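Undergrad: The structure follows.
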Amino acid sequence: ARAEAEERARGEAEYGLYCAREEHAAALAAAREEKEVAVAALEAQLAERTAQKQKEADGRLQELSASLEGQLAVWRRKALEAEERALRAEDGRRAAERRAQVDKEEMRQTTNQKIQNIEMKFQHQLSTALNAHQQEMRALQARLGATQEGMLGQVKKKKLELEESLEVEIRKSKKSIEGRMKREHEEQIRQIKKAHEAEMRRVGRDVIKLQSQLERSVRQSSSWNGGASTFHS
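Residue numbering for the sequence shown follows this note's numbering, starting at 18 and increasing by one per position.
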């Protein structure tokens, strides 16, 4: 009976430890899944922010290019109008053909110079805008990189904290289970000792009772033997 009780207690303790391990394994799997979901959400949010910033930067660049193209069209139209006026003036001054030719050449040179100046100014503005856009994109990429690194650092820190917390809980649970098993084992030993002592006391009482009965039997036998001797004499 004692061996069976110890075996049953050991089986119950092992089953309790197995259940605790299963619960902690399930909790750890859930925590890992939650971590993966959080990392995926952060990556999706970062990708969305990057796409939005890229879209805004492209929109600003398109607006600037359209504005510069419009200004260039206006300047070109004005230059063409000036050239047309020069041609009309040349037709009106046929009498002074040489002077008209000189004026025409001067006007052409002036117009070409203006066009060159306008084109140079446009190229300069376009180059400046492109450089500013590239600098803005590099700064944006640097900020996004720093933000991503910070988020990943937070995720790793949270993961380590969660794993440490789970390890602490596992150690606590294991210690609690071991303590409970030890207490249950000690309690079983006390119960067995108590039952053994009670059985020994009962056996002692039975022995004393048998001794008393034996003594009474001996006394009765002696009394009967003495009576028989008297009767025969």
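In this text, a Cβ means the ideal position worked out from N, Cα and C, and glycines have one as well.
Note that the structure is predicted; figures quoted are calculated from it, not measured.
Please tell me whether L85 and Q142 are closer than 8 Å, where the distance is taken between their beta carbons.
TA: Going by C-beta atoms, L85 is nearer than 8 Å to Q142.
Undergrad: Going by alpha carbons, who is nearest to A151 out of R77, E51, E31, E204?
TA: Reading the sequence as shown, one finds Gln at residue 151 and not Ala. The shortest Cα separation from Q151 among R77, E51, E31, E204 belongs to R77.
Undergrad: So the candidates are V91, A20, T67; which of them puts its Cα closest to the Cα of A159?
TA: Nearest option by C-alpha distance: T67.
Undergrad: For a quick check, are the C-beta atoms of A90 and K131 less than 8 Å apart?
TA: No, they are not a contact pair.
Undergrad: Only counting the same chain, and skipping five residues up and downstream in sequence, which positions put a Cβ closer than 7 Å to that of R218?
TA: Once the five neighbours on either side are set aside, R218 has no close Cβ partner at all.
Undergrad: Quick check on this structure: which residue in E181, E65, Q228 has the alpha carbon closest to the alpha carbon of A48?
TA: Ranking E181, E65, Q228 by Cα distance to A48 puts E181 first.
Undergrad: To the nearest angstrom, report how far apart T197 and E216 are at their CA atoms.
TA: The identity of residue 197 in the sequence shown is Arg, whereas the question assumes Thr. For R197 and E216, the distance between alpha carbons rounds to 28 Å.
Undergrad: In whole angstroms, what is the alpha-carbon distance linking R105 and A149?
TA: Distance between the alpha carbons of R105 and A149 is about 44 Å.
Undergrad: May I have the straight-line CA-CA distance separating E60 from K72, to the nearest angstrom?
TA: Taking the straight line from one Cα to the other gives about 18 Å.
Undergrad: Using only CA atoms, which one of Q230, T145, R207 lies nearest to S82?
TA: For the residues Q230, T145, R207, the minimum Cα distance to S82 belongs to T145.
Undergrad: Can you tell which of R93, R102, I225 has its C-alpha closest to the C-alpha of M137?
TA: Comparing Cα-Cα distances from M137 to each of R93, R102, I225, the minimum goes to R93.
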